[in-house]
Structures are given as structure tokens and as C-alpha cells.
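Letter by letter, the sequence shown follows residues -21 to -1, 1 to 895 in mature numbering (1 follows the signal peptide of the UniProt record, and there is no 0). Read the structure below first, then the notes.
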Amino acid sequence: MSLLIFSCFMCFLLLTKSTTATSNMKVDHNCSTNNLVILGGIGGVFDLSSRVGKEQKVAMELAVQDFYSLTCYNLPIHFKDLRGNSGHTASDVIKLVEEKQVQAIMGILTSEEASLVSGFNIGTTVISLAPTAISPLLSVEPPLFIHMSHDIRIHVRCIAALVGQFRWRKLTTIYEQRNTFSTETEFMITELSESLQYVDSTIEHHFTFPPISSLENPTTFISNELVKLKSLNNRVFVILKSSLQFAILLFERANQMGMMGNGYVWIISDDISSLLDSIGQPVISNMQGVIGFKSNFVDTGDSFEAFKLRFRKKYISEHPEEEHLNPSINALRAYDATWMIGKAMSTSEGRKGSKFLFQNILSSNFKGLSGKISFNNRNLEESPTFRVMNVIGKSYREIAIWSPDFGFSVNFDEEEGRKMRIGNELVGELGSVYWPGGAQTVPEGWCLGNKEKPMKIGVPARGAFNQFVNVRYDQNHNETSVAGFSIEVFEAAVRQLPYNFSYVFVPYYGSYDEMVVDVYNKRLDAAVGDTEIMSDRYKIAEFSQPYMESGLVMVVTVRPDSTKESFMFLRAFTMKMWLLMAVMSLYTGFVVWLTENVESNPDFESSSVSHHVGKMLWFSVTVLSFAQRESIKSNLSRFVLATWLFVVVVVTVCFTASLTSIITVQRIQPSPVSIEYLQGTNAAVGCNGNSFIVQYLINVLHFKPENIKKINSIKDYPEAFRKGEIQAAYFVAPHAKVFLAKYCQGYTMAGPSYKLGGFGFVFRKGSPLVNDISEAILKVSESGKILELEKHMLSFSSCNSSSIGISSGDTSLGPEPFSGLLIISGCISAVAFLISTARLITMRPLILSFTYGTLLRRRVGRWTSSFLSRSDTTFGSQSSERANNTTHGMQQNSMAIELAASNQTLDLNNVQQQSV
């Protein structure tokens, strides 16, 4: 009995002396002083000047009241006001433990602060009410430390899912440090960077702000930092962690500086999103178009409605200056944490200050206002869901729900929550979004240039092949025009983009390597042209998808085509062989003639010299032509002729083979030039002196620098070949095709081709245009537009496929190789024809007389007369008599003609004998 009286007395003293809210509690009629039990005290370390601190204090007081009403256990609570300075959190915790002997501490504490407190061996359980649970960066977990929240990794995955949903490639993060020695920033940035990799995005810039309470002039400081943000090309800003005061001032200044307009994206995390119900209309008006997410909880149950009514009543009584009174997730978790500590204390009564309380808290498992309360690895175990919100008008609207298991969904359903996966992130549906400035389309998230500040795109102004990029300056209009195949492909790709941006082409008069370096140094925003994708260039810049394949090739002159020569057939034999064949033919003809005349012509000695020479030549021709124009009667002649004919057949076969080889080789071989030949003879080679080829020839193909001639124009190559200044020229494959198309005759590609990356457009590292332009190039290529441009701009109508480089396969011979022989034969035939015609004209009377005489000798005339006399039998006797007279006259005339012809024959014989 005395113990009971002592307990009641001590309870009375505590209730009267306590500076806590318990003095205002109403005791339930079911709990009398006889059964009142006082548990260990609970400490609360909050910033009572902030909305979050105010909500948490009110929620704890309500929890103590409810716990007492249901259990008759009194939970003394003690508060420490941080007054906006979180740097004193650890010291205030220690004071509460030492002065008030509290067994549990609640507040927004970091793992570093918990470790500092545990170093004093106070044996007090510390519960962090921070919106996110950040795993400690220390090697040892602080003892007796619990996170009343979910792992930060889930929060950053939600941010990454939002970024991936709208395909933003780069973003800028903003982080307000809670205190000056916190290392949470590094941890959050690392986790977010890893999550962004799954959605093909990355953090380009990061801005860390000191605690706003530590700034002498917060408005000026934030304004200066926003000027830096505005100068960046990136337009996607993510506020990872901040206080409400900082966020209000940040959006106010951003709105005044025009950073809440078209093209900007602002994403807020749970820190600010959970307090949107607690801020007024002036702040909301500065946040139009902001998207964010907050922890989801059931706000339609009876228990929540009852708590909300009591919370609003108590909150307005303590803070009448506040307009918005609805509780946030911060108040709900403070309420649940107080209940959790009270239940654990009631179970571990008599073991105050021991680890038994800590274990009881970790084993908690009940349904609270904020959701299910159970722990795993000192964090809340239940997988959270987040409500995705979009600020619009006087408040906000919910556009989706996100879960780490099912991604986005307008109507979330666990049974049907199977969504498409991007990388390791799940994505689904999102409602329509109102973007800053009232834009209806998704912002690009990148400042791609505008009329006031267009993108500067460099184009090579001194390229050797202006078919790809042609820069011209018009002095009359003081304008520079840029055209060419590469420009057309780039503009066709830009037209495929779902957004517009302003750009201007800037002629660049340096080398291609220097142009890529200037993109890296941000003197240029991008570069467009016939720029080869190289590994060393890729280290400092990014390239789009190649719009044209490429490789390094060698171009040389083609051997002169001897098939066009008139006397090409003479090249089958040497001159010595041709002379030997002529002498042997004459010699064989002479032997055959001599043998024939000695053995078969008894008048051989009396024959004239001209007669013998003619016969000899005739036999020689007979031997050469394989035709027996003269009858061979001598066996010895036949033997000589057979032997010679065998020799001629063998020589003819060899002639055919040699001629075929000459014709074939001339059609398939270039000039005898190879890399080994060029290097062995120290021959000069030409290339574009403004490209990478110079260093490639030196470093990869090992040409001597003094043997490389730099040529800066396509028209200078033929002249260099003609003068012998170069023996070969090296081009990238697209340039080689243009060169061979323009100069159809006399050049071809030879040797191996060295594979290269192809032609691509140059961008800065991390530029969001890289992926978009690459996708656009694929669309343009698949549509056939690039092939059409290539045929139109890189080909020449004056050239055909068979005249470019090697023949296209036509192996038939024309008359050219035999024109010389045909001309000689035709000339000889023409001379013989002219001689024969002249002789025919001079001997016409003799020929007529000879013809008449021959006809009469053969009695043709008589036969004709008989035929005519028979055909006139139908006439009368007078006619018959007249015919007989006529016939008799004709017979007499014919006899006279015959006698005259015989006399003329005798005269001709006399003439011939005299001439001999």
C-alpha cells in the first residue's frame, strides 16, 4: 500500500513539474490514480520553427494522450527546440538524456549524429524520423539506432523512373545540407547515379547549398546560384533534399528569374512533396508545373479521419497563424513512433536503459496511421508506394502511383501490375502533365539553342571534298552559305526530331582534329561534316550513329590499256621473233619453189628471172597462209612443207596464248603499286593534309613523313599523278568513290581496305542530342533518303560504272587490236583492185575480140542463127526466103570474123615473143 502511495506521489510531482505537453492531457475515466503507471521519458529533438517540427510535436502529444487513454501508461515527453540550427542536434540529445533521463529519442537525425551520441555510452535508443533512411557511410552501424522510414535507394529509384519515363538524358541535382559535417550528400549522389544508368541518364551538374539558417543573406546567395543554373544547357533540376523554407525561397527566386517557364523541369522529392498540403497559395503559384512524389498512405479510413480532426483542432490552437492544417506523413510517423516506443516500454518495464527496449522496438509489428510498422535491417520493412503529383492551379493533382515492384500506374493494382521494363526499372502509365510555362509537350530538358542564343555547329571549311561540305562566301551580300551531302543528311535528321531548336553553321578553318577538340572545349556545341569516327576522338567527344560507312583505301593509276592500240597483236612476239618468222617463211618458200622447179619443170633454165621470183614468192605466201594454191608434186617439197607447217602450228598456238594473256592482264591489273613497293622505293603518296590520314599513314602504316604529300583539293590529285609527284593516293572510302566518279578514266582502288568507324556528327560528352540524332539518322536511312542524296550529290552523270576503276566485266574484244592488220590487208586489196581495174580498161578491145572469137569457135553463133531461123517458120515463103538469104549472109560474115580473129591471134603471139 505504501508503494502505491509513493508511486502516486511521484507521479503527481512529475505531472506538476514537467514542462511537457502532459500537463494538458485529460485523464480517461477508466484510468485512476490507483492504476496509473509512469514509464520512461521520451525525448523529441525538433526544429519547432519549421512546419515539420510543429507537426511532429503535435502528433507526439496526441499519441501520448491516446496511449494513456487505452493503456493507463503515462509517457512523459520532453522537447528540445533546434531553432533552425541542426548543428546542435547531437548535443541536445545528450542533454535530454543527462537532464531528463529519457530512454528514447526521436528526431531528424543522421547516422553521423547517432554515432556521435553513441560515443558517450548513454544507452538510449535513437529513432530517426527523417523522410529517407540513409545507410551509414561508417564502417560500423551506430548502436541502438533505428530509421522510421524507407531506404533512400527506393526514393532515388523513383526519381530515376521519372527521368527515364520522359527520356531526359542529363539532369542537375540540388541538395541542401542539413548540417556542415553531413556526408549524406555523397551517398545520395552515388545512389542516384547508379539508378540513372538503368534509364540511360546521368547527373551532369550538382549544386550543394549550405543550411539556409547558416546564411546571412539567403535571398542573395540563392539568386547567385540560380544565375549559374540558368547558364547551363541542362534544364532538368531535381531537388534531392531541402527544408521547406529553402524550397519556398528557391522557387520564388526561380520564378522571378524566368526559370519556371517553357523548357524547364523541376522535380521535388518526398521532403517537399509531403508538405504541399501545408503551404499557401503564394508559394503554390511559384511552383506551377513542378512534379514530385510523396509516400503513399491510407487517408480514407476511420482512424485517420478521427486523427485528422483532432490534429487540426490542436494544431490551430497552438499555431493560429497557420492556414493549412492537414497532417503530413511526418506527423503520422511521429504518432506511430510514439505508440511504438510506449508499447516497447510497457513490455520492458523494469529494464530501463537496457538493450531490451531496443530489441522490443525492432520487433514491433502493427498497423499504424502511416502504414505497417515492422523493421528489417533497422529500416521499415514494408515496400513503399509513392504518389506522383503535379502542381497546378491552387494545389496539385495526382497523376500516377509508383511502386518499386510494379512501376507507374494510373490505377495501381497489384494483381495486374506487370509493366514494360526499361533496363532494371519498371515503367507504366502516367497521366497528363502540366509543365512549367503551360507547355503541353514534354520539355526536352536541354537548352538546344534559341533565336537569341542558337547552337554553334562547326563545319569544315577547308575540306578537300566540297561535295560533302561546301562553304561559300558571297561578297556582294556579305553572307556565308553552307551546303553539301553531310549538311543535307544532318538537316534531314533534325526534321525527324520531335522538337525544334535553333542552330547556326560556323565555318571552321582548322583541321578536323582541332574541330573535335573545340567541341570538347565548348567553343562549339557540335560539328557536322565528313568527320571520321576515331577512337582517340571518341575519348573527348561523342559521335552520332554513322550516316556513311568508311574505310581507308588506296587509289592508283591504271595500266595503259593496250587493247586500244592498232598494232597490239605485234606485242605477242618480240621484234626478233617476227623477223625470224619472216625469214624462215621466205626461206621455206624458196626451198619449196626450187625443189618443185628442178624436179618437174624441164624449161626451168629457160624461164625468165621475173618468172622465178614470182613463183618463189607465191610459194612463200602459200606456206604462210596454209593454203595449197600451187600443186605440190615433189615428195621432197612435201617433206619440207610438212615440217614447216608443224613449226607454224606450234608458233600459232603460242601466239594465241600470248595475245590472250596480254589482253586479260591489261583488263584486270592496276599499275604495279603496293604498300610494300611504295615503302621499299620511298615513293611519295598523297592524302588530305587536313584530315587524320596523315597520322594514320605514319603511325599505323609506317610511312615516312617526308614521303607523304599533303593535297588539299580533289582537283590537285590528277595533276600530282601526271607529274609523278605521287605514286598513290589514300582516301577514306566515300572520298575515293567521289574521286573515281569524277575522274572516270585511268584510276582504280588497289590494295587492302582498312576498316574505320564511318562518318558521324560530333557532340559534347553527354549531349542529349546524340541519341536523338542517332535515332533520326536510322529513320532517314531506312526511308531511303540518304541513298537518294548520295546518288544525287556524290555521283556524276558523265561517268558510267564501266569506266570507273576496273571494267565492270565486259571481256569481248572490239576491232581496235586488229585495226592495223585489217588496214594493211585492206590497203593491199585496194591496190590489187586498182591495178586490175586499170589493166582491164587498157585491154578492153583485145578482150572483146577474144570473147567474140571464142564464141564463134564454139559455134555459138551458128547455134544462135539456127535458133532464130526455126523461130521464124510461121512466116510466109517470102519470109522464109528472106530468112535464108539472111542466114547465108550471116554465115559469110561469121567466116570473115573467124578469119580476122585467127589473124589477130597470130599477131598477139608475135607480139609476146618479141617482148620476151
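Ideal Cβ positions, reconstructed from N, Cα and C, are used throughout, including at glycine.
Under the three-state DSSP convention, the category residue i falls into
i	result
K432	coil
D60	strand
A506	strand
T326	helix
Y413	coil
V537	strand
S670	coil
G32	helix
K770	helix
M87	Sequence check: residue 87 is Ile here, not Met. In the structure shown, I87 sits in coil (DSSP, three-state: anything other than H, G, I, E or B).
P197	helix
H185	strand
T111	strand
L95	helix
T727	strand
S274	strand
M546	Note that residue 546 is Phe in the sequence shown here, rather than Met. Correct three-state label for F546: coil.
N234	helix
I611	coil
T660	coil
T279	coil
G347	strand
F740	coil
A310	helix
Closest Cα partner of residue i within the set the options
i	options	result
Y517	V570, A551, F742, P363	F742
D695	S523, G659, A443	A443
T103	K373, D278, I125	I125
R146	W425, E155, M434, K683	W425
V81	L95, V105, G416, Q44	V105
K334	L123, L549, V215, Y526	L123
A140	L108, E173, F25	E173
P121	R148, L88, T151	L88
L108	Y47, M39, P697	M39
Whether residue i touches residue j by CB criterion (8 Å)
i	j	result
I258	M368	no
F469	L773	no
I320	I133	no
V630	M560	yes
E528	G737	yes
L531	L719	no
S325	L254	no
F480	M513	no
V72	V24	yes
S128	T111	yes
L348	L409	no
E698	K688	no
L219	I251	no
A715	C666	no
Opening and closing residue of the beta strand (DSSP E) in which residue i lies
i	result
D453	449 to 453
K149	149 to 155
Y517	Careful: Y517 lies outside any beta strand (DSSP E), inside the alpha helix (DSSP H) at 514 to 517.
P697	Unbroken run through P697 is the alpha helix (DSSP H), 695 to 701; no beta strand (DSSP E).
Y482	482 to 487
S388	386 to 388
T553	First-last for T553: undefined, no H or E at that position.
Extent of the continuous alpha helix (DSSP H) run through residue i
i	result
G143	131 to 144
K721	712 to 721
A440	Where A440 is concerned, there is no enclosing alpha helix (DSSP H), given that its DSSP letter is neither H nor E.
V468	464 to 473
Bridge partners - residue i, DSSP secondary structure assignment
i	result
K220	Y154
L620	According to DSSP, which records beta bridges pairwise, L620 is partnered with nothing at all.
I690	N667
N355	N358
Y375	V370
K734	G530
G745	In DSSP, G745 forms no bridge with anything.
H126	S107
Neighbour flag for residue i against chain D, beta carbons, 8 Å
i	result
T631	In summary, chain D is missing from the structure at hand, where a single protein chain is found.
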